[in-house]
Amino acid sequence: MSKPTAGIFGLTGCAGDQLVILNCEDELLDLVNLLDLRDFLMATSANDTRCSLDVAFVEGAVMSRRDEETLERIRQRSRFLVAIGACAVWGGVAAQESNGNHAALLEDVYGPLGRQYDAIPARALHELVKVDLNITGCPIEKSQILAAIANLLQGDPPLLPQYAVCAECRMRENNCLLIEKGSVCCGPLTAAGCEARCPALRIPCIGCRGPADDVNTASAWAMFEEKGYTRADVDRKLRTFAPKGGRA
Ligand code: SF4
Ligand code: SF4
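Residue numbers (numbering that gives the first Met the number 0): 0 to 247.
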């Protein structure tokens, strides 16, 4: 049986998600044995940039006309498109300013030349094209991308956590930073999958994985209010990584 053809791509972002894949040192040989990796610029300059792909993994937000064209080309040549990382899934940090005056911001940062740059307000991939699977994270977790690839190879839909970081935090038996210290920890509303990495180090979660689907938002907001935080206080933090993140 021929191997599925695959491509790994980066739009505008820090390239951290592609690096996570490259850093799968123990599994990398298995990956290239199982996938026919045709287009992965970060790994090789010998790419087939036109072939059709069974699966494309795309990181980064859409922040320029060039990104728009690149994403549309990737979508046209791919059967299954996976958004990887918070920028691709939610718009990420760069999308924070998407409701502001973009032209004025470019000028503030780059001077008068800023207005000439090919830069548009940041958008997540799903705002432009159909996305078949979202794997969030800033960056993605190695275990999740490997498990998702294994599932796709078996023809099964990947199972990603729908619950919140708090569930993993409780399983690690961490003391709760929100309840015991009154810190603004975004764990109750943030998608799990990181094993509550930050609270385990006594650092409040800042919501880098974006919103969780399966959360008791009413209870979470009530808990924040009980600790003296307004919804605006928490929302401001949550919107750092998922500015259009759909939290109720
Ligand atoms: S420390 Fe944060 S993530 Fe952990 S249980 Fe408390 S609110 Fe949830
Ligand atoms: S605990 Fe929160 S901020 Fe830390 S890695 Fe997990 S989702 Fe991101």
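Beta carbons: idealized from backbone N, C-alpha and C, even for Gly.
Quiz item: Taking buried to mean at least 16 other C-beta atoms within 10 Å of its own C-beta, is ASN32 buried or exposed?
Solution: Locating residue 32 in the sequence shown gives position 33, counting from the first residue. Classification for ASN32: exposed.
Quiz item: Does DSSP put PHE240 in a helix, in a strand, or in coil?
Solution: What you label residue 240 is simply residue 241 of the sequence shown in a count that begins at 1. Correct three-state label for PHE240: coil.
Quiz prompt | Beta carbon shell of ligand 1 at less than 7 Å from a heavy atom | solution = VAL164, CYS165, CYS168, ARG169, ASN173, CYS175, LEU176, LEU177, ILE178, CYS184, GLY186, PRO187, ALA195, PRO198, PRO203 and CYS204
Practice problem: Could you check what DSSP says for THR69 in three-state terms: helix, strand or coil? | Solution: Position 70 of the sequence shown, counted from the start, is the residue given in the question as residue 69. Of the three classes helix, strand and coil, the one that applies to THR69 here is helix, per DSSP.
Quiz item: Can you list, in chain order, the residues of its chain whose CB lies under 7 Å from that of LYS236, leaving out five sequence neighbours each side?
Solution: What you label residue 236 is simply residue 237 of the sequence shown in a count that begins at 1. If we look at LYS236 and ignore the five residues flanking it on each side, its Cβ neighbours are VAL183, CYS185, ILE205 and GLY206.
Quiz item: What residues match up with ASP35 in a beta bridge as DSSP calls it?
Solution: On the sequence shown, residue 35 is found 36 positions in, with the first residue counted as 1. Bridge partners of ASP35: THR4.
Self-check item: Cβ-based neighbour list, VAL61, same chain, cut-off 8 Å, excluding 5 preceding and 5 following
Solution: Residue numbering aside, residue 61 sits at position 62 when the sequence shown is read from its first letter. Around VAL61: LEU10, THR11, GLU67, LEU70, ILE119, ALA121, ARG122, ALA123, LEU124, GLU126 and LEU127.
Quiz item: Would the beta-carbon of CYS207 be found less than 8 Å away from any heavy atom of ligand 2?
Solution: As a first step, residue 207 is located in the sequence shown; it is residue number 208 there, counting from the start. Under cutoff, so the answer is yes.
Quiz item: Once you ignore the five residues that flank GLN95 on each side, which residues in its own chain have a CB closer than 7 Å to its CB?
Solution: Locating residue 95 in the sequence shown gives position 96, where the first residue counts as 1. Only residues of its own chain outside the window of five on either side were considered, and among them ARG238, THR239 and PRO242 have a CB closer than 7 Å to the CB of GLN95, listed in chain order.
Quiz item: Looking only at C-alpha atoms, which of ILE7, CYS86, ALA42 and ALA211 sits nearest to PRO138?
Solution: Numbered from 1 along the sequence shown, position 139 holds the residue referred to as residue 138. With distances taken between Cα atoms, PRO138 lies closest to CYS86.
Quiz item: Hey, would you say the C-beta of THR189 is under 8 Å away from at least one heavy atom of ligand 2?
Solution: By 1-based counting over the sequence shown, the position of residue 189 is 190. Yes.
Quiz item: Are three or more beta carbon pairs between the segment 157-172 and the segment 101-121 nearer than 8 Å?
Solution: no
Practice problem: Return the first residue and the last residue of the beta strand (DSSP E) that CYS77 is part of. | Solution: Sequence index remark: in the sequence shown, residue 77 carries index 78 (1-based). The residue asked about is misnamed: residue 77 is Ser in this sequence, not Cys. Segment 77-83, the beta strand (DSSP E) holding SER77.
Quiz prompt | Bridge partner(s) assigned by DSSP for LEU262 | solution = Only positions 0 to 247 of the chain appear in this structure, which leaves residue 262 out of reach.
Practice problem: Would you list, in sequence order, the uninterrupted alpha helix (DSSP H) runs of no fewer than 4 residues that lie entirely inside the segment 182-214? | Solution: 196-199
Quiz item: Are the beta-carbon atoms of VAL54 and LEU34 separated by less than 9 Å?
Solution: For the purposes of this step, residue 54 is taken as residue 55 along the sequence shown, with counting starting at 1. For the purposes of this step, residue 34 is taken as residue 35 along the sequence shown, with counting starting at 1. Yes.
Practice problem: Note down the Cα distance separating ILE73 from MET41, rounded to an integer number of angstroms. | Solution: Stepping through the sequence shown from its first residue, residue 73 is reached at position 74. Stepping through the sequence shown from its first residue, residue 41 is reached at position 42. Looking at the two C-alpha atoms, the distance is approximately 16 Å.
Quiz item: Does the Cβ of CYS137 lie closer than 8 Å to at least one heavy atom of ligand 2?
Solution: Translated into the one-based positions of the sequence shown, residue 137 becomes position 138. Answer for CYS137: yes, Cβ within range of ligand 2.
Quiz item: Can at least three beta-carbon pairs, one atom from the segment 219-229 and one from the segment 132-150, be found at a separation below 8 Å?
Solution: no
Quiz item: Using the beta-carbon count (16 or more within 10 Å), is VAL108 buried or exposed?
Solution: To locate residue 108, count along the sequence shown from 1; it is residue 109. Exposed, because fewer than 16 other Cβ atoms sit within 10 Å of the Cβ of VAL108.
Quiz item: DSSP on ASP117, reduced to helix/strand/coil?
Solution: For the purposes of this step, residue 117 is identified with residue 118 of the sequence shown, where counting begins at 1. Reduced to three states, the DSSP call for ASP117 is coil.
Practice problem: For ASN133, count neighbouring Cβ atoms within 10 angstroms of its own Cβ and tell me buried if that reaches 16, exposed if not. | Solution: Taking the first residue of the sequence shown as 1, we reach residue 133 at position 134. Per the 10 Å Cβ criterion, buried.
Practice problem: Please work out which residues of its chain come closer than 7 Å, Cβ to Cβ, to ASP232, disregarding the five sequence neighbours upstream and downstream, and give them in chain order. | Solution: The residue labelled residue 232 in the question sits at position 233 within the sequence shown. Correct list, in chain order: VAL183.
Quiz item: From ALA217 to ALA5, what does the alpha carbon distance come to, in whole angstroms?
Solution: Start at 1 with the first residue of the sequence shown, and residue 217 comes out as number 218. Start at 1 with the first residue of the sequence shown, and residue 5 comes out as number 6. For ALA217 and ALA5, the distance between alpha carbons rounds to 42 Å.
Exercise. Return the first residue and the last residue of the alpha helix (DSSP H) that ASP16 is part of.
Key: If you number the sequence shown from 1, residue 16 lands on position 17. Here the alpha helix (DSSP H) through ASP16 covers 15-21.
Quiz prompt | CB contact flag (CYS175, GLU140, <9 Å) | solution = Counting from one through the sequence shown, the residue named residue 175 turns up at place 176. Counting from one through the sequence shown, the residue named residue 140 turns up at place 141. Result no, Cβ atoms of CYS175 and GLU140 do not sit closer than 9 Å.
Exercise. With a cut-off of 8 Å on the beta carbons, I'd call ALA195 and GLU167 a contact; round off their distance for me.
Key: Here the question's residue 195 lines up with position 196 in the sequence shown. Here the question's residue 167 lines up with position 168 in the sequence shown. Confirmed, Cβ separation roughly 4 Å.
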